[in-house]
Amino acid sequence: MLRILNLEAGYGALRVLKGISLHVSPGEIVAVIGANGAGKTTLLKTIAGILKARAGEVEFDKRRIHNDPAERIVRYGCGLVPEGRHIFSTLTVRENLLLGAYSVARASRPWHFWRRRTDNQRRPDETLAQIYELFGILKERSSQLAGTLSGGQQQMLAIGRALMARPRLLMMDEPSLGVAPLVVKDIYRTIVNLKRTGLTILLVEQNARAALAVADRGYVIETGQIVLQGTARQLCDSPEVQRAYLGKEYRSIDEDE
Amino acid sequence: MNHTLPYNPKCEMIAREELQQLQLERLQSTLNRVYRSVAFYRTAFDAHKVNLEKLKDLRALRELPFTTKEDLQKSYPYDMFAVPLRDIVRIHTTSGTTGKPIVVGYTQNDLRSWRECAARLLTAAGVTEHDVVQIALHYSLVADGFGFHQGAERLGASVIPASLATSVAKQIVVMRDFKTTVLISTPSHALTIAASLDEVQVHLERLHLRLGLFGGERWSDAVRRQLEQQLRIVSTDTYGPTEVLGPGVAGECHLHQGLHLNEDHFIVEVIDPTTLEPVGPGEEGELVLTTITKEGFPLVRYRTSDVTRLDPAPCPCGRTFVRMARVMGRTDDLILVQGVGFFPSQIEEILAGIDGVSPYFQILVDQDRGVETIEVRVEISDRIPFLDEVKTIETLRQQVAKRIKAVLDIDPKVTLLEPKSLQSLPAGTPRIVDRRPG
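Put into structure tokens, the structure is as follows:
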């Protein structure tokens, strides 16, 4: 579904991604793990079109997207839940969600004749109902200001907002960042549920244990290069990963703190 | 017989395009890793001015330097390991205990990939969980027995680690009593078994054998037919040098039209051993392998010294992996006899350590009713006293034979020759005479 070949990107003189190749097949959860500054966020931003690729290819559903603007990539069905959530705290939960459908609502106008007719063209209200079904808490708080939600609820809102564009591939940047361990568990349960609905997920995480527990496959990124890849089980069993990313003292997300 | 599906259809029947993406991803991560953790590769890549960031497709692999057997021998024992020793859970070596063997380390994940590769090969040969698999290979430092063993267990077959430590008679009795359906051995050992059936008075009718998997030495079509007739089995050829992985690198499917090479674990090239350039499609040359999943002992462009050719055409069995022809020869002077590989220099070294023989020798390899034989002819030193005493000569002969057996694990016939009889042969007389057919 997603195929990345020798992707290079960076900021100014700083080269962050030094030739990354990876792929995500339909229905998979793929985790990219790595330390702070390894290039994980840059990778997602480049795929999403927020950052321009300097070299290499990004192919989504056999379509080359690395030169396309971010909003078009969303319309292709490739959504991003950014790190730190970036919700609009002065808007209500419902308003935040509806904003997520902005690109889709626009795209369904008749002059966008080039667009394939997919179920993306369903009305936002329908999608909203589905999101509420998936995240009960968002329905309960639908008229509350987003800024008053807890960290975990904000993360759910950010995921819900990305889902409003009805993506087929959802990219998530550090969904466990800054939320309580117990909530990490909730978020990951949601991710598994999303996979069951047929959604394909590319997950970027420092919390390797949580990510590998739900992922099918994974890549380890170090200083902008992939140094290890394999099934989630292989990575969990790799002593290198255990030492660098799992840490003996780290408790699994199933344990209550 | 059930030839329906490969062991892992998702991998073994992968589309070419998908495979290439997978290979590139795995190659890049392997190269990034070996550059960081193996001094040999870092030095070699730097010396060749290789910029790994510029390696953007599989063809670019050709710009990387080769790794040779000598490189691996120089790394003895652990210098080529890409992970700390505490991450290694198994150690094997290539055969031969003189000189420097190549030491190969496997991590937990390496063992898992190996089991998978061996299980694929066994499945392709037709082995299932209903089979009783008798493995008559070395279970020692070399990887052969272990590779098949793990793969067969993975399939759920009943595995008998008969090894080569038991006598042929015992081997046959086990085969009869345990209702063995699959024999895994070297072709020559299988021929010995076939030849000994009468001797131990076990009629073929009493055996349940249906399949034979062979590897570890070169064999011809003639031997293959002979084996299939004498043991009434379907035979399968396998390939897997210990330093690359062990059994499981490649194996035939039931169509017997070349050995499917597990391309999701290895990238394969065939080169001209003199120019070191890639040969044309389908042409004969030296097999060069790059491992792309191994963690403990990764190899980049390893020259196997095995001569073969590749057939990229899709196989009617449905597997999409490239097929290599049965190994046709060697580019070096390695002699493979009875499943054991050794170099003439090793014989030389052994003889140098024995008083009473000169360093002049000749090796004759032949086949007697399909069984490989080896004869070592050695000159007696002219400095030895009491030459005419039969006892002295017989003791000396036994000493040489014993020493070779102890070091190389092969049973040669040793013939002692008059002093100066080999020295006086005209220059250019081959030191190794291989009379084996095929």
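Going down the list, the protein sequences come from chains A and B. So the first sequence is numbered by the numbering used here: it starts at 1 and just counts up by one. So the second sequence is numbered by the numbering used here: it starts at 1001 and just counts up by one. Using N, Cα and C, we set each Cβ at its ideal position, and we do this for glycine too.
With a cut-off of 7 Å, does the C-beta of residue i fall near any C-beta of chain A?
i	result
Arg1033 (chain B)	yes
Asn1008 (chain B)	no
Thr1097 (chain B)	Annotation note: pLDDT 47 at Thr1097 (chain B) (below 50); position unreliable, coordinate value reported separately. Chain A, which has no Cβ nearer than 7 Å to the Cβ of Thr1097 (chain B), makes this no.
Ser1037 (chain B)	no
Asn1109 (chain B)	yes
Gln1150 (chain B)	no
Leu1024 (chain B)	yes
Ser1029 (chain B)	yes
Asp1264 (chain B)	no
Pro1021 (chain B)	Sequence inspection shows Gln at residue 1021 (chain B); the Pro mentioned does not correspond to that position. Output row for Gln1021 (chain B): interface = yes.
Are the C-beta atoms of residue i and some chain B residue less than 7 Å apart?
i	result
Leu228 (chain A)	yes
Asn67 (chain A)	no
Asp61 (chain A)	no
Gln242 (chain A)	no
Arg196 (chain A)	no
Asp237 (chain A)	yes
Arg217 (chain A)	no
Gln234 (chain A)	yes
Arg3 (chain A)	yes
Asn6 (chain A)	yes
Gln225 (chain A)	yes
What residue does the alpha helix (DSSP H) around residue i start on, and which one ends it?
i	result
Gly1147 (chain B)	Asp1144 to Leu1155
Thr90 (chain A)	First-last for Thr90 (chain A): undefined, no H or E at that position.
Phe1297 (chain B)	It is not in any alpha helix (DSSP H) - Phe1297 (chain B) carries neither H nor E in the DSSP assignment.
Leu1197 (chain B)	It is not in any alpha helix (DSSP H) - Leu1197 (chain B) carries neither H nor E in the DSSP assignment.
Ser1037 (chain B)	Arg1016 to Ser1037
Gln1226 (chain B)	Asp1221 to Leu1231
Ile65 (chain A)	Taken as a continuous stretch (DSSP letters only), Ile65 (chain A) belongs to no alpha helix (DSSP H), as it is neither H nor E.
Pro1314 (chain B)	Per DSSP, Pro1314 (chain B) belongs to no alpha helix (DSSP H) and is neither H nor E.
Arg1397 (chain B)	Val1390 to Leu1408
Thr1373 (chain B)	Looking at the DSSP string, Thr1373 (chain B) is not in any alpha helix (DSSP H); the run it does join, the beta strand (DSSP E), is Val1371 to Ile1380.
Val1173 (chain B)	Val1168 to Asp1177
Could you tell me the boundaries of the beta strand (DSSP E) in which residue i lies?
i	result
Asp237 (chain A)	From DSSP, Asp237 (chain A) is part of no beta strand (DSSP E) but of the alpha helix (DSSP H) over Ala232 to Asp237.
Glu1269 (chain B)	Phe1266 to Ile1271
Leu1183 (chain B)	Val1182 to Ser1185
Val1089 (chain B)	Ile1088 to Thr1093
Leu1417 (chain B)	Lys1413 to Leu1417
Ala210 (chain A)	Run containing Ala210 (chain A): none in the beta strand (DSSP E); it sits in the alpha helix (DSSP H), Ala208 to Val214.
What three-state label does DSSP hand residue i in the structure shown?
i	result
Met1080 (chain B)	coil
Asp119 (chain A)	Note that Asp119 (chain A) scores 48 on pLDDT, short of 50, meaning its location in the model is unreliable and no value can be drawn from it.
Arg15 (chain A)	strand
Asn1109 (chain B)	helix
Ala55 (chain A)	strand
Met1328 (chain B)	coil
Ala1250 (chain B)	strand
Arg1062 (chain B)	helix
Leu138 (chain A)	helix
Leu157 (chain A)	helix
Ile191 (chain A)	helix
Tyr1007 (chain B)	coil
Leu1289 (chain B)	strand
Ala107 (chain A)	At Ala107 (chain A), the pLDDT of 48 sits below 50, so the modelled position is not reliable; the number obtained from the coordinates is stated separately. Three-state result, Ala107 (chain A): helix.
Glu1205 (chain B)	helix
Arg1436 (chain B)	coil
Glu8 (chain A)	strand
His1130 (chain B)	coil
Phe1343 (chain B)	coil
With 16 other CB atoms within 10 Å as the buried threshold, where does residue i fall?
i	result
Tyr245 (chain A)	buried
Val1142 (chain B)	buried
Pro1009 (chain B)	exposed
Ala1082 (chain B)	buried
Val1288 (chain B)	buried
Lys52 (chain A)	exposed
Leu17 (chain A)	buried
Val1433 (chain B)	exposed
Pro1241 (chain B)	buried
Ala1136 (chain B)	buried
Gln1506 (chain B)	Here chain B comprises residues numbered 1001 to 1438, so residue 1506 (chain B) is not present and cannot be evaluated.
Pro110 (chain A)	Confidence is the limiting factor: at Pro110 (chain A) the pLDDT is only 46, short of 50, which leaves the residue's position unreliable, though a coordinate-based value still follows. It counts as exposed.
Val1182 (chain B)	buried
Ser1358 (chain B)	buried
With 7 Å as the C-beta to C-beta threshold (strictly closer), list the residues of the region 16-32 of chain A near chain B in chain order.
Of all residues in the region 16-32 of chain A, Lys18, Gly19, Ser21, Leu22 and His23 have a Cβ within less than 7 Å of some Cβ in chain B.
Determine which residues of the region 1046-1062 of chain B have a Cβ less than 7 Å from any Cβ of chain A, and write them out in chain order.
Glu1053 and Lys1056
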